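Going by the numbering used here, the first residue of the sequence shown is number 95, and it counts up by one from there.
Note that beta-carbon positions come from the ideal geometry of N, C-alpha and C, so glycine has one too.
Since this is a predicted model, take the numbers as computed values, not measurements.
These notes concern the structure reproduced below.
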Amino acid sequence: MSLRGRLLMLLVALVIVVGAGGGTGAALVGARDSENNTLRDLTTARRRAEQLTTAYVDQSNALIAYFLNPTAILLGPYTAAQNTGTQLIRSLHTELANAPTLRPDLDRISATVESVRKEVITPAIALVQAHRSPEALSLLLRPDVRTQATQVRSQLNTLGRDIDRAMRQHNSVRNGLNGWLLVDSIATLVALGVCVVVAAVLIDRWTKRPIDKIAAAVRAVRAGALTTQVPAVGPPELAALGHDVDDMRARIIHELAENIRAREALEQNAALVLALRRLLEPEPTGVPAGWRVATGLRPAEGLVAGDSYDVALLPDGHLALVLIDIAGHGAVSAVSSLRCQELLGVALADGRKPGDAIAWQLEQMRDPGIELFFTAFVATLDPDSGRCCYANAGHPAPLLSTEEGVVQLAPSGPIVGPIAGPWATEETVIAPGCSLAIYTDGLTDPRHGDDENSSLRELSAMLEGPAVSPEGIVDRLLERLESRNAGRLRDDVTIVVVRRDDGHSAPGAAAFD
95 MSLRGRLLML LVALVIVVGA GGGTGAALVG ARDSENNTLR DLTTARRRAE
145 QLTTAYVDQS NALIAYFLNP TAILLGPYTA AQNTGTQLIR SLHTELANAP
195 TLRPDLDRIS ATVESVRKEV ITPAIALVQA HRSPEALSLL LRPDVRTQAT
245 QVRSQLNTLG RDIDRAMRQH NSVRNGLNGW LLVDSIATLV ALGVCVVVAA
295 VLIDRWTKRP IDKIAAAVRA VRAGALTTQV PAVGPPELAA LGHDVDDMRA
345 RIIHELAENI RAREALEQNA ALVLALRRLL EPEPTGVPAG WRVATGLRPA
395 EGLVAGDSYD VALLPDGHLA LVLIDIAGHG AVSAVSSLRC QELLGVALAD
445 GRKPGDAIAW QLEQMRDPGI ELFFTAFVAT LDPDSGRCCY ANAGHPAPLL
495 STEEGVVQLA PSGPIVGPIA GPWATEETVI APGCSLAIYT DGLTDPRHGD
545 DENSSLRELS AMLEGPAVSP EGIVDRLLER LESRNAGRLR DDVTIVVVRR
595 DDGHSAPGAA AFD
């Protein structure tokens with residue numbers, strides 16, 4: 095049975111107990127009130143009977159006085175007493191309506207008094223008024239008249255005794271009803287108390303105990319004992335609750351296991367990610383004397399980026415510069431960028447010109463199922479002459495400082511994609527004391543909080559202004575970008591600055607705060 099049905103059953107039991115006790119009590123109270131009304135009428139009737147006796151005595155005394163002195167004025171008290179007696183008889187009939195056993199006594203008294211009045215008193219008064227007093231006296235002294243008078247007094251005494259007996263009987267009944275009413279009240283209260291105790295025990299068994307068991311299991315699960323099963327106990331509603339909570343526990347265990355596996359996978363891949371980051375952002379190697387190179391890379395997401403660079407010494411003694419920006423972010427783009435970087439390094443090591451190296455690299459990576467888009471700046475640098483051969487495949491124009499000022503190296507071919515395009519190899523010279531700054535489009539991304547030319551203006555000013563080290567240029571630009579974006583860049587940013595010493599500045603010059 096459901097919890098609602100059980101509670102409804104308890105409520106019905108309480109209503110039955112209260113209703114039965116209340117109904118019995120109401121019936122007892124009604125019977126007691128009826129007895130009280132009867133006792134009230136009997137008490138009044140007893141007083142009326144005494145008054146009736148007094149009225150008959152007054153009638154007798156008034157008749158004696160009238161017969162001794164037959165004047166009209168002395169007949170008035172008799173008439174008044176007679177009227178009083180008649181009214182008392184009527185009142186007694188009303189008050190004894192609920193006592194049918196007493197009505198015959200009253201009827202006999204009424205009949206005897208009426209007979210004496212008609213047969214004796216009225217004729218005697220008429221004889222006195224006719225001045226025949228001896229005859230009237232003879233009538234009154236007849237033996238049967240005295241017998242009737244005695245009979246009336248005896249009947250009045252009998253009526254009084256019968257009324258007293260009836261009063262005692264009804265009083266006893268009333269006292270009995272009061273006793274039963276007290277018993278009913280006590281029984282109702284006891285039954286109600288028993289019902290309350292039983293209800294408390296049942297409610298404890300139906301609700302508190304199951305809830306305590308479920309709560310104890312939930313607390314154990316919360317404390318970390320996830321293997322603790324939440325019991326489905328109690329009425330259907332609480333059992334369903336326990337079942338649902340246990341399902342939730344099972345789901346938590348499943349999700350926790352998934353999270354643990356994911357964390358373990360991350361821990362297993364962490365070394366790979368760090369190794370990939372080092373490959374994407376290698377330290378420049380084999381930088382010839384008289385040259386300085388500074389690099390910096392900031393991923394937009396995580397530790398790896400779609401940008402990559404490489405600065406390495408080629409077998410012919412030239413310095414290779416490679417900077418790639420793959421479309422996208424994250425590990426997938428990083429792997430593609432690293433592959434492109436390695437292929438371009440191989441092509442340059444084989445002696446290919448930068449433009450030919452890009453075309454060869456695209457042929458090696460051509461895959462009908464993969465569409466790859468990236469920009470690239472590929473260059474070879476002669477350390478002795480400063481001659482720089484480069485190819486710019488849709489990459490942002492690098493900045494070159496010259497004696498006349500800062501100039502841009504325009505693209506020499508389109509962006510690298512599924513459709514091969516010609517990439518020409520251009521030449522320029524990095525004079526002593528001049529610098530070449532290569533960067534990806536993240537440096538000029540307007541989402542980084544400024545217009546796209548402000549970072550270029552700042553970079554250009556540092557290239558042609560007072561001597562600032564390549565490291566200082568890279569660090570200053572990256573710090574300002576991160577400061578404007580609260581450390582969260584919207585696109586990968588890579589900067590490579592190459593400087594040819596002029597033979598006068600010390601290696602430690604150009605530090606900045």
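| Query | Result |
| --- | --- |
| Three-state secondary structure assigned by DSSP to Trp517 | coil |
| Outcome for Glu352 when other beta-carbon atoms lying within 10 angstroms are tallied against a minimum of 16 | exposed |
| Complete alpha helix (DSSP H) runs within the region 133–209 (minimum length 4 residues, chain order) | 170–189 |
| Cβ-based burial, Glu521 [other Cβ within 10 Å; buried from 16] | exposed |
| Element boundaries [alpha helix (DSSP H), containing Ile215] | Looking at the DSSP string, Ile215 is not in any alpha helix (DSSP H), and its letter there is neither H nor E. |
| Expected contact under 8 Å - CB spacing of Gly254 and Ala149 to nearest Å | At roughly 14 Å, the Cβ-Cβ gap does not stay under 8 Å, so Gly254 and Ala149 are not in contact. |
| Residues sharing a beta bridge with Gly499, DSSP | Thr496 |
| Helix, strand or coil at Ala604 according to DSSP, with G and I counted as helix | Confidence at Ala604 is low in this model, with a pLDDT of 38, below 50, so the placement of that residue is unreliable and no value is reported for it. |
| Inter-residue Cα distance where the pair is Leu105 and Glu189 | 47 Å |
| Segment contact, 8 Å Cβ cut-off, at least three pairs: the region 502–515 with the region 465–475 | yes |
| Start-to-end residues for the alpha helix (DSSP H) that takes in Val381 | No alpha helix (DSSP H) holds Val381; DSSP gives it neither H nor E. |
| Environment of Glu129 [buried if 16+ CB atoms lie within 10 Å] | buried |
| Cys483 - partner residues in DSSP beta bridges | Thr474, Glu521 |
| Same chain, Cβ closer than 8 Å to Asn251, five either side skipped, listed in chain order | none |
| Per-residue burial, Asp596 [other beta carbons within 10 Å of its own, 16 or more giving buried] | exposed |
| Proximity test, Cβ basis, 8 Å: Pro448 and chain D | Protein chains in the displayed structure number just one, and chain D is not present. |
| 8 Å Cβ cutoff met for Thr534 and Asp401 | yes |
| Segments assigned alpha helix (DSSP H), at least 4 residues, entirely inside the region 387–468 | 424–443, 448–459 |
| Asn269, buried or exposed, once every other Cβ within 10 Å from all chains shown has been counted against 16 | exposed |
| Through-space distance from Leu475 to Glu497, alpha-carbon basis | 19 Å |
| Residue environment, Asn163, which counts as buried when at least 16 other CB atoms sit within 10 Å | exposed |
| Which listed residue (Pro477, Glu457, Ile589) has its alpha carbon closest to that of Ile532 | Ile589 |
| Burial state of Ser209 (16 or more Cβ within 10 Å) | exposed |
| Contact under 8 Å by Cβ, Leu407 with Leu493 | no |
| Residue from Ala294, Ala218, Leu276 with nearest C-alpha to Leu108 | Ala294 |
| Continuous alpha helix (DSSP H) stretch holding Arg240: start and end | 237–297 |
| Backbone secondary structure at Ala364 - three-state DSSP | Bear in mind that a pLDDT of 47 at Ala364, under 50, signals an unreliable position, so the number given afterwards is only what the model happens to contain. In this structure, Ala364 counts as helix in the three-state DSSP scheme. |
| Given 8 Å, three or more beta-carbon pairs between the region 156–175 and the region 223–235 | yes |
| N- and C-terminal bounds of the beta strand (DSSP E) containing Ser563 | From DSSP, Ser563 is part of no beta strand (DSSP E); its letter is neither H nor E. |
| Ile305 versus Leu332: straight-line alpha-carbon distance, rounded | 7 Å |
| Distance CB(Thr301)-CB(Ala314) smaller than 8 Å | no |
| Burial state of Gln176 (16 or more Cβ within 10 Å) | buried |
| For Pro393 and Pro505, the rounded distance between their alpha carbons | 24 Å |
| Assigned exposure category for Ala240 - 16 Cβ within 10 Å defines buried | For the sequence presented, residue 240 should be read as Arg rather than Ala. Arg240 should be labelled exposed. |
| Nearest-angstrom Cα separation, counted from Thr206 out to Arg197 | 14 Å |
| Integer Cβ distance of Leu182 from Gln145, believed to fall under 8 Å | 6 Å |
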